[in-house]
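In the numbering used here, the protein residues as written are 776 to 1130.
To keep things clear, I will list the structure first and then write my remarks on it.
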């Protein structure tokens, strides 16, 4: 079937801003409402999750057969790929906010700023909501499915659109974890990525914090993430005045021992962060914020992707990589980076969403 118009992240700034604005947007395939028993779908030989292919809305959904027996998990799953095609680097990670606590985690990797270069991998534990997407009314998803295999276990491969801009691989392991790969790669590449999935036991990252930020900014504790492999924070500043639109400024930063993605389409400026070489890509100082209106009247203005600048550097002692995205000038971002400090009373020894 020809591709329906869908929203894709056109560049790095847009992707990172989406990650900070709505973790669930990148975090996981959407879930239907809380399931009743028995949930919809058909039993598949050799598998535990039920498959529900809904031709009325082009839906591809999977449901755990006993949703009422699921309970909150103490920590997030750390299963993820250990092999990716050449050139792919970590963009970020996101937690599913629906279903039982800590039931899913998504990792996003990109090769360049084009929307077709993104790979997302999601691990789901058994949960009380079905997992999947609706791809468009009239799309016969059953006809799109092809048999696949991951380490000898049955899997489903879907070429959703004729131009190959949305392909899926869905499978599960013996423990009942459900996995989704989504991107533009072919079936053979997906199967190779899937075969590399392991429970990655990373050394916990130190608990770091921003020692200085521009005045008026506070941390958004609902949007953060703490795992042994990656830590992220989102901060915002809200300004409200009578008769004026609500103005929300925001920035996002995270750190990891894994290599972090930086823009490829433009040359960065080489700068110094505490004497260490760093790369800086400026945002557009003349860009406008994103607006929302009711009845033709603008009621809110929020930081836009075009306003976001990027600063990337690596600490030479710890080998930890940092990325800061913010709508500030170069000197302000460098000052923020130079005031990252160790939190004396915290340490992310176990994976958990930031509280």
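All C-beta atoms, glycine included, are put in the ideal place defined by N, C-alpha and C.
Model, not experiment: these values are computed from the prediction.
Query raised in the report: In the DSSP assignment, what residue or residues form a beta bridge with residue 895?
Result: Listed as beta-bridge partners of residue 895 by DSSP are 883, 957.
Requested in this report: Pair every Cβ in the stretch 910-928 with every Cβ in the stretch 952-972, then say whether three or more of these pairs are closer than 8 Å.
Outcome: Yes: at least three Cβ pairs fall under 8 Å.
Requested in this report: With residue 915 as the anchor, note down where its alpha helix (DSSP H) starts and where it stops.
Outcome: Looking at the DSSP string, residue 915 is not in any alpha helix (DSSP H), and its letter there is neither H nor E.
**Report entry** Distance, residue 982 Cα to residue 1006 Cα
**Finding:** It is roughly 8 Å from the alpha-carbon of residue 1006 to the alpha-carbon of residue 982.
Query raised in the report: How is residue 848 classed by DSSP in three states: helix, strand or coil?
Result: Coil, per DSSP.
Report task. Identify whether residue 930 lies in helix, strand or coil by the three-state DSSP scheme. Result -> It is a strand residue.
Query raised in the report: Cα-Cα, which of 959, 1002, 920 is closest to residue 938?
Result: Measuring from the Cα of residue 938, the nearest candidate turns out to be 959.
Query raised in the report: Do the stretch 940-950 and the stretch 986-1006 meet, that is, are 3 or more Cβ pairs less than 8 Å apart?
Result: No, the stretch 940-950 does not touch the stretch 986-1006.
**Report entry** Option nearest residue 1026 by Cα separation, candidates 895, 999, 915
**Finding:** Closest option to residue 1026, Cα to Cα, is 999.
Requested in this report: Have a look at 840, 1074, 1106 and flag the residue whose alpha-carbon is nearest the alpha-carbon of residue 1045.
Outcome: Here the closest residue by C-alpha is 1106.
Query raised in the report: CB-CB under 8 Å to residue 817, same chain, minus the five flanking residues each way: which ones, in chain order?
Result: Within the same chain, 825, 826, 827 come within 8 Å of residue 817 by CB-CB distance, once the 5 residues on both sides are set aside.
Query raised in the report: Leaving out the 5 sequence neighbours to the left and right, which residues in its chain are closer than 7 Å to residue 970 when beta-carbon positions are compared?
Result: In its chain, beyond the 5 residues on either side, 925, 926 have a beta carbon closer than 7 Å to the beta carbon of residue 970.
Query raised in the report: Is it right to say residue 879 is buried, meaning 16 or more other beta carbons lie within 10 angstroms of its own, or is it exposed?
Result: Buried: at least 16 other Cβ atoms inside 10 Å.
Report task. Specify the secondary structure class of residue 995 as computed by DSSP and reduced to three states. Result -> Of the three classes helix, strand and coil, the one that applies to residue 995 here is coil, per DSSP.
**Report entry** Host beta strand (DSSP E) of residue 966 (start-end)
**Finding:** First-last for residue 966: 962-970, but that is the alpha helix (DSSP H), not the beta strand (DSSP E).
Query - Candidates 974, 988, 860, of which the one nearest residue 1004 by Cα - result: Ranking 974, 988, 860 by Cα distance to residue 1004 puts 974 first.
Requested in this report: Measure the beta-carbon distance from residue 900 to residue 848 and round it to whole angstroms, keeping in mind my assumption that it falls under 8 Å.
Outcome: With a Cβ gap of about 6 Å, residue 900 and residue 848 count as contacting.
Query raised in the report: When the Cα atoms are used, what is the spatial distance from residue 875 to residue 850?
Result: Taking C-alpha positions only, residue 875 is separated from residue 850 by approximately 11 Å.
Report task. To the nearest angstrom, report how far apart residue 821 and residue 1052 are at their CA atoms. Result -> Looking at the two C-alpha atoms, the distance is approximately 53 Å.
Query - Distance between residue 844 and residue 1058 (C-alpha atoms, nearest Å) - result: Spanning the two alpha carbons is a distance of roughly 48 Å.
Query raised in the report: Closest by CA to residue 830, which one among 921, 819, 868, 909?
Result: Considering only alpha carbons, the answer is 909.
Report task. Can you tell me which of the three DSSP states residue 767 falls into? Result -> Any answer about residue 767 is impossible in this case: the structure gives the chain only from 776 up to 1130.
Query - Rounded separation between residue 902 and residue 1048 - CA only - result: Roughly 44 Å separates the two Cα atoms.
**Report entry** C-alpha distance - residue 1056 paired with residue 1067, whole-angstrom precision
**Finding:** About 27 Å.
Requested in this report: Work out the CA separation of residue 1087 and residue 864 for me, nearest whole Å.
Outcome: Rounded to whole angstroms, residue 864 to residue 1087 spans 13 Å at the Cα level.
Query - residue 1092 to residue 987 span [Cα, whole Å] - result: Each residue's Cα considered, the two are about 22 Å apart.
Requested in this report: Report yes or no: do the stretch 1012-1026 and the stretch 1095-1112 share at least 3 C-beta pairs separated by less than 8 Å?
Outcome: Yes: the two stretches touch, three or more of their Cβ pairs being nearer than 8 Å.
Query - Same chain, Cβ closer than 8 Å to residue 967, neighbours up to 5 away in sequence not counted - result: Same-chain partners within the cutoff: 858.
Report task. Kindly list the residues whose CB is nearer than 7 Å to the CB of residue 1118, restricted to its own chain and excluding five residues on each side of it in sequence; keep chain order. Result -> Once the five neighbours on either side are set aside, the close Cβ partners of residue 1118 are 982, 983, 984.
Report task. Output the residue ranges of the beta strand (DSSP E) runs that lie fully inside the stretch 1050-1100 and measure 3 residues or longer, sorted by chain position. Result -> Taking only runs of at least 3 residues, the beta strand (DSSP E) segments lying wholly in the stretch 1050-1100 are 1051-1056, 1065-1069, 1072-1077, 1084-1089.
Query raised in the report: So, are the CB atoms of residue 881 and residue 895 less than 8 Å apart?
Result: Against a cut-off of 8 Å, the Cβ pair of residue 895 and residue 881 comes out as a contact.
**Report entry** Distance, residue 887 Cα to residue 1015 Cα
**Finding:** Residue 1015 and residue 887 have their C-alpha atoms some 37 Å from each other.
Query raised in the report: Exposed or buried, what is residue 832 when buried is set at 16 or more other beta-carbons lying within 10 Å of its beta-carbon?
Result: Counting C-beta atoms within 10 angstroms of its own C-beta, residue 832 has fewer than 16 neighbours from the protein chains shown and is therefore classed as exposed.
**Report entry** Counterpart residues of residue 1044 in DSSP-defined beta bridges
**Finding:** The partner list for residue 1044 (beta bridge, DSSP) reads 1055.
**Report entry** residue 797 to residue 949 span [Cα, whole Å]
**Finding:** Low confidence applies here, because residue 797 scores a pLDDT of 30, under 50, leaving its location unreliable; read the following figure in that light. The straight-line gap from Cα to Cα measures roughly 32 Å.
Requested in this report: My understanding is that residue 860 touches residue 964, with C-beta atoms under 8 Å, so please give their C-beta distance in whole angstroms.
Outcome: Sure, about 6 Å apart at Cβ, within 8 Å.
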